[in-house]
Each structure stands twice: as C-alpha cells, then as structure tokens.
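Asks: Chains as they are written, first to last, in the numbering used here: chain A, 1 to 252; chain B, 1001 to 1291.
For each residue, glycine too, the CB sits at the ideal point set by N, CA and C.
Sharing a structure, written as structure tokens. Questions coming.
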Amino acid sequence: MMLDVSDVTVSYGPFLAVDRASLQVGAGETVGLAGTNGAGKSTLFAAIAGQIMADTGRMVFDDHAITNHPAHQRARLGLCRTFQVPREFGRLSVLENLLVAAPGDRMETMWSAWFARGAMRRKTQQLTVQADGILAMLGMSGLRDLPAAGLSGGQKKLLELARVLMHRPRLILLDEPFAGVNPVRIGEVMEIFRRLKDSGIALLIVEHHLQALKALSSRLYVMDQGRVIAQGDPAEVLASRIVQDAYMGGVL
Amino acid sequence: MSAYLIAICIIGLIYALLAIGLNIEYGETGLINFGHVAYFAIGAYASALLSLRGVPVSLSILLAGLLAAVAAIPIGFAALRLKDDYFAIVTLGFAEAVRITIQQEEWLTHGVQGIAAIPGLAAGASGNSVFLAILLLVVLCAMGSVYLIQHSAFGRVLRAIRDNEVAVVALGKRTAGFKVKVLMFGSFFGGVAGAFYSHFISFISPEQFVALVTFYVWMSIILGGVGTMRGSLVGSLVLVLLLEGSRFIGDFLPGVSDLQVAHLRLGVIGFILVMFSLYRPQGLFGKGGRA
Chain A
1 MMLDVSDVTV
11 SYGPFLAVDR
21 ASLQVGAGET
31 VGLAGTNGAG
41 KSTLFAAIAG
51 QIMADTGRMV
61 FDDHAITNHP
71 AHQRARLGLC
81 RTFQVPREFG
91 RLSVLENLLV
101 AAPGDRMETM
111 WSAWFARGAM
121 RRKTQQLTVQ
131 ADGILAMLGM
141 SGLRDLPAAG
151 LSGGQKKLLE
161 LARVLMHRPR
171 LILLDEPFAG
181 VNPVRIGEVM
191 EIFRRLKDSG
201 IALLIVEHHL
211 QALKALSSRL
221 YVMDQGRVIA
231 QGDPAEVLAS
241 RIVQDAYMGG
251 VL
Chain B
1001 MSAYLIAICI
1011 IGLIYALLAI
1021 GLNIEYGETG
1031 LINFGHVAYF
1041 AIGAYASALL
1051 SLRGVPVSLS
1061 ILLAGLLAAV
1071 AAIPIGFAAL
1081 RLKDDYFAIV
1091 TLGFAEAVRI
1101 TIQQEEWLTH
1111 GVQGIAAIPG
1121 LAAGASGNSV
1131 FLAILLLVVL
1141 CAMGSVYLIQ
1151 HSAFGRVLRA
1161 IRDNEVAVVA
1171 LGKRTAGFKV
1181 KVLMFGSFFG
1191 GVAGAFYSHF
1201 ISFISPEQFV
1211 ALVTFYVWMS
1221 IILGGVGTMR
1231 GSLVGSLVLV
1241 LLLEGSRFIG
1251 DFLPGVSDLQ
1261 VAHLRLGVIG
1271 FILVMFSLYR
1281 PQGLFGKGGR
1291 A
C-alpha cells in the first residue's frame, strides 16, 4: 500500500469528527471518499495531509511512518493536497504560483538572492519550462501572467492542481475538485485526472459529485458521522443499503 | 536653516531605515510587527554603550544591527506559533518589556536618566553633512539589498507566505525558517537605525523608545505604500516633514498652548492618515487596490 491509514481519530473538544477511520490507497490507484456534509471527510483529509494532528491512529506513506510528521515533511515525501476552498497566492501571477510550489530550497535563500543570482536565474528558467508544460496540459497557458486573485473559482481549482504537480507528487489528495467547476467542464477535469492516473500518480478524491467519483475511482469509501461505513467497488457501495440510508435514502 | 534641514533629513532617513525593515516584514511577508521600536532601542543602546567603551562608531553601528537581529530570534519563534493578530500583540508586549528592562537595569543603561555624551559619527562644522551622507549610503544599501530579495526566489516565497501560509506549508516548505530570517533582517535595519539615532542625538533615554515610534513607522509605510521600498523612503520623509512642519501650527493659532499644539500635531497626522486610507489606500507608491 502506498498510503495506509488505520484507526485515525480526530476530535474537536467533545465532538468526534473522525472516529477510528481506516483507508488505504495503492500505488497509482484512484480512490474515492464520499459522505454527507459533516461526515468527517475534510477533517480526515487534513489529518492525512498534516494540517491537523490525529489524536490516535497510525499513518504510513510509502514505508514512512508519517503519523507525527508536520505537513511540509509529508508534502516532501510526495503526499500533496489541494484545498476545498482554493488557497491561491492571490497577488502572485499564475506562473509565480507554480514556481513557489517547486521544491527549491537551495535557491530560496537570502544568500542566493544576493550572491548567486546567476544560478538562481538558471534554475528559475528550468522551472519555468516545467511550469509552462503543466499549464499547457491543463489548458491554462493563457492565464500564465495574470494575478491568481483574478481567476474564476474553477480556474483556481486547476491552479491548485497545477501547483501540486510542480511538486512531482506520488499521491494527490483532491478535496472536492469538482466544486465550483462549470458543469460543462467537468468532463475535461475528469480527463485530466485520468491522465494523471495513467502517469502513475495515485489520487484520493473527496467529492460530492458521485457520478464522477464512480467513473474515476477503482474503490470507494463512504463516511458518515466520522466513521467509514462502507468501502469497495464504487457501484456496489453506492447501491448498498447502509449508504442509501446515510444519504437519507433517495438522491441516488 | 540649512542645518535644520539637514537634521530633518537625518531623522527622516533614520525613519526610512526603520520603515524598510518593517516593510519587508509586513509588506512582503505579512508579519504584523507592532514591536519594531524594540530593535530601534536595542540598536541605540548597544551602539551608544559600545562606543562609550572605546569601540569605533562605525563598528558599533554594525554590531548594534547584529545584536538587534539576534534579539529578533525569540520573536521569530513566537511568530511560528501565533496567528497574525496574536503575534502583533506579542510584539507589542515584547517592545514594552525591552523598554522597561532598559529603564530598570541602571547598572548598564543608567535607567531613566539615560545615556549622555554619545560620540558622534563625524566631528567638526560639517559633521552633520558627513553624517547625512553616510546615512544616505546605508539607506541606499538597505534598499538595494531589499530590491534583490524582492526579485528573487526567496522573495517569491515570502509573498506566497503573505498570501496564504497554509498552502506554502502544504507545498512542502518550512515557513518557520523564512519568517525568522525576515524578522532578523528587518530587525537588523531597526538596530542600525537606532545606532544612527543615538550617535546623532547623542543622548538617549527609555522614554524615546515608546510604542508611538513603532506607529510612526507604520504610518510612513502606509503613506508611502505597503511593499514598496521607494514608498518607505518617501513616506518616512513625508511623515517627518509633517511632524516637523506641524510644529509651526502654534505660530498661526494664537492662544494655543504648547501642549495643545503637540496634540494638534498628532490630530493633523491622524487626519491625513484617514484621508489616505479613504482615497489612496495603496499609499503614494503602492500598486492599486487595498493592501
């Protein structure tokens, strides 16, 4: 397993947001995570990515025990996330957003700024080529030099994905990637995810758009009241009684 | 009169140095530092005490800056744990703690009596002109070093932290290191500014290092434009001109006491600040939009 989460609990005071949840994602696999609002999906996501520390439980990513790793270390291992509400760098251009995302510790120093500008410029050129490639793949080349704050909600979602790709991730946690995306463009976004999967990147997708989840993922987890209540083949899981009940029986 | 102008310029440039330091903390990185005066005080006392013990003034100024930078480290660690507004409160408290410590540690600082007869930078009739020239050179160096940071990969990460720190962390960067470095850098210039101040005024006492100084620096940043170093320079000069110029209000308003003039001056500056935030929120040199 690439990501192995077992018995993770997260509580906000007396409220148990995630209750002994376990899930696995295999290398290159696309896995869905569904559930009603308040089911604990986003909290579980934050616990996996390290924005929140789990109270109990164990997490292993790529043979590293990451349970106590801070968020930036998890990202460095290739476990990257996007956010439900986009967190773009609003006053930076789209290109700069991508450049920040690239791992570049050695040139991101005051020393480089003052005394190694040649090397820094060459590295930036290299990264710009990489960034342009990613923007082209996502159909965002035309937005390259605009300030990110001016993008539409859907474009900001793609920008987050582009930024994560600059990091050369092995597993991307996608938090509601279809929310705010123009319905006519959902097909395009799904196509992008399929291409990522083909290139060997594993995806864990939290989403309310169940049809898209069904079409994309090979396995599906459903959460309700902090617990994982069902898992397995997406079509079977969505048809199961327990999931139907959790969704108040009807919308499916 | 020209001596008076030179003196105003010197004070203006000292404020510019403070503003440049604060502007890289706030304008670039988004750190709300309400305790900038602490580093001004540390620099002033360090350089004064060192030079009175025989250290050459040029060296003591540099050491004062370095000491101020080191003194920023604890505040840097506070910044790692606290969100914007809480950090602001801690810095405010830190500056007061520094001032009170200076006031109490009489064996070193002479407490409220202050330190007198601090050696100047250059002697003789043209002493202040030389002082101004050296200070101007230092300000230009500061602006240059900040310009290089702004146009670098390091600066890009700083602006990303300002715009959304959670995302920077999620992208695998340890923002802590960036913030501590920026606070040290900004405080270095705060310390150097304090050193120049003490060698210019030649007398320092704790009451010169109250929180109001920090807010004067904030005002010059707001006047000049957040995130622009030209703005820091011009904003500081404008602020000092306003502070000095309003000194003459009393001449035009008969029957107003000196104390009332002092309050009127602050009122005038407050009024100008309100007008700025209404009609030019980005400051003189800022790039459109609210900062």
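#1: Does DSSP put His64(A) in a helix, in a strand, or in coil?
#2: Nearest to Ser1246(B) by alpha carbon, out of Phe1271(B), Gly1225(B), Ser1232(B), Met1229(B)?
#3: DSSP on Arg76(A), reduced to helix/strand/coil?
#4: Kindly indicate which residue of Val1070(B), Leu1243(B), Phe1252(B), Arg1280(B) has the alpha-carbon position closest to the one of Val1268(B).
#5: So is Ala101(A) in contact with chain B if we call contact Cβ pairs under 7 Å?
#6: Following the continuous beta strand (DSSP E) through Ala24(A), name the residue where it begins and the one where it ends.
#7: Does DSSP classify Thr56(A) as helix, strand or coil?
#8: Residues in the same chain with beta-carbon distance under 8 Å from Val1182(B), minus the five sequence neighbours each way, listed in chain order, please.
#9: Suppose the cutoff is 8 Å on Cβ atoms and the five residues either side in sequence are ignored; what does the same chain contact list for Ala215(A) look like?
#10: Check the Cβ-Cβ distances between Gly1021(B) and every residue of chain A, and say whether any is below 7 Å.
#11: Determine contact between the region 87-98 of chain A and the region 145-156 of chain A, defined as no fewer than three beta-carbon pairs at a distance below 8 Å.
#12: Helix, strand or coil for Ile1134(B)? Go by DSSP, reduced to three states.
#13: Check distances from the C-beta atoms of the region 147-171 of chain A to those of chain B and list, in chain order, the residues that come in under 9 Å.
#14: What number of angstroms, rounded off, separates the C-alpha of Leu204(A) from the C-alpha of Ser42(A)?
#15: Could you name the residues of chain B that Ser256(A) contacts, counting a contact when the two beta carbons are closer than 8 Å?
#16: Do you know offhand how far Lys1179(B)'s Cα is from Asn1128(B)'s?
#17: Using a Cβ-Cβ cut-off of less than 7 Å, give me the residues of the region 1170-1183 of chain B that come near chain A, in sequence order.
#18: What is the DSSP secondary structure of Arg128(A), counted as helix, strand or coil?
#19: Any beta-carbon of chain A closer than 7 Å to the one on Arg1159(B)?
#20: Taking buried to mean at least 16 other C-beta atoms within 10 Å of its own C-beta, is Ser1220(B) buried or exposed?
#21: List, in order along the chain, the chain B residues whose C-beta lies closer than 7 Å to that of Gly90(A)?
#22: Shorter than 7 Å from the beta carbon of Leu1080(B) to some beta carbon of chain A?
#23: Any beta carbon of chain B sitting closer than 7 Å to that of His72(A)?
#24: With contact counted as at least three CB pairs below 8 Å, one residue from each stretch, are the region 73-88 of chain A and the region 133-143 of chain A in contact?
#25: At least one CB of chain A closer than 7 Å to the CB of Leu1148(B): is that the case?
#26: For the region 224-234 of chain A and the region 20-39 of chain A, state whether three or more C-beta atom pairs, one from each stretch, are separated by less than 8 Å.
#27: Which residue's Cα is closest to the Cα of Asn1033(B): Ala1048(B), Ala1095(B), Ile1008(B), Ile1061(B)?
#28: Would you kindly report the start and end of the unbroken alpha helix (DSSP H) that includes Leu146(A)?
#29: Assign Ala17(A) to one of two classes, buried (16 or more other C-beta atoms within 10 Å of its C-beta) or exposed (fewer than that).
#30: Can you name the residues of chain A whose CB is closer than 7 Å to the CB of Ser1145(B)?
#31: Checking 7 Å against the spacing of the C-beta atoms, do Phe1189(B) and Gly1021(B) come in under that value?
#32: Quick one: Cα of Ala1167(B) to Cα of Leu127(A), how far?
#33: Can you list, in chain order, the stretches of the alpha helix (DSSP H) that have 4 or more residues and sit fully within the region 1061-1135 of chain B?
#34: May I ask which residues mark the beginning and end of the alpha helix (DSSP H) holding Val1182(B)?
#35: Under the assumption that Thr109(A) contacts Asp55(A) (Cβ atoms under 8 Å), give the Cβ distance between them as a whole number of angstroms.
#36: What span of residues does the beta strand (DSSP E) with Met223(A) cover, start to end?
Replies: From the atom records:
#1: strand
#2: Phe1271(B)
#3: helix
#4: Leu1243(B)
#5: yes
#6: Per the sequence shown, the amino acid found at residue 24(A) is Gln instead of Ala. Gln24(A) -> beta strand (DSSP E) spans 15-25.
#7: strand
#8: Ile1024, Glu1025, Glu1028, Thr1029, Leu1031, Leu1158
#9: Met190
#10: no
#11: yes
#12: helix
#13: Ala148, Ala149, Glu160, Arg163, Val164, Met166, His167
#14: 12 Å
#15: Since the first residue of chain A shown is 1 and the last is 252, residue 256(A) is not available in this structure.
#16: 36 Å
#17: Ala1170, Leu1171, Gly1172, Lys1173, Arg1174, Lys1181
#18: Here residue 128(A) turns out to be Thr, not Arg, going by the sequence shown. If DSSP states are grouped into helix, strand and coil, Thr128(A) belongs with the helices.
#19: yes
#20: buried
#21: Asp1163
#22: no
#23: yes
#24: no
#25: yes
#26: yes
#27: Ala1095(B)
#28: Here Leu146(A) belongs to no alpha helix (DSSP H), and DSSP marks it neither H nor E.
#29: buried
#30: Trp114
#31: yes
#32: 19 Å
#33: 1084-1104, 1106-1109
#34: 1175-1201
#35: Not a contact, Cβ separation roughly 37 Å.
#36: 219-224
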